[in-house]
Amino acid sequence: LRNCQPANNEVKKEEIYGVLSYMTPEVIRGHQYTKASDIYSFRIIMNEFISEEIPYNDIPHDHVLAVKICKGFRPKIYEMLGC
1 LRNCQPANNE
11 VKKEEIYGVL
21 SYMTPEVIRG
31 HQYTKASDIY
41 SFRIIMNEFI
51 SEEIPYNDIP
61 HDHVLAVKIC
71 KGFRPKIYEM
81 LGC
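If you count the sequence shown from 1, position 9 lands on 9 in UniProt numbering, and the numbers rise without skipping.
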């Protein structure tokens, strides 16, 4: 998730910050973080909480994984029971 700031602020930095397995393909490609990218990252975090599995835990976190994510590769998404 991007740095905590007021909701109407946008991060406008050239650098990419974050953990690869929680980043959106757009951010990996160099686009700015947005509210939508925060929601994506939060969903991956909640999925980790539900599944008790770290996303992409069996794959090296390197440029190959980054390319796969940009091409649509995603961790298995678990549904919340009772919701």
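The beta carbon of each residue, even a glycine, is placed where N, CA and C say it ideally should be. The model shown is predicted, which means the values in this text are computed figures rather than measured ones.
When C-beta atoms of the stretch 52-68 are compared with those of the stretch 31-41, fewer than three pairs fall below 8 Å, so the two segments do not count as touching. Each of A36, S37, K76 was checked against the Cα of E52, and the nearest Cα belongs to K76. The continuous alpha helix (DSSP H) containing I69 extends over residues 63-70. A straight line joining the alpha-carbon of R43 with that of Y17 spans about 18 Å. Counted as a single uninterrupted DSSP element, the alpha helix (DSSP H) harbouring M46 occupies residues 35-51.
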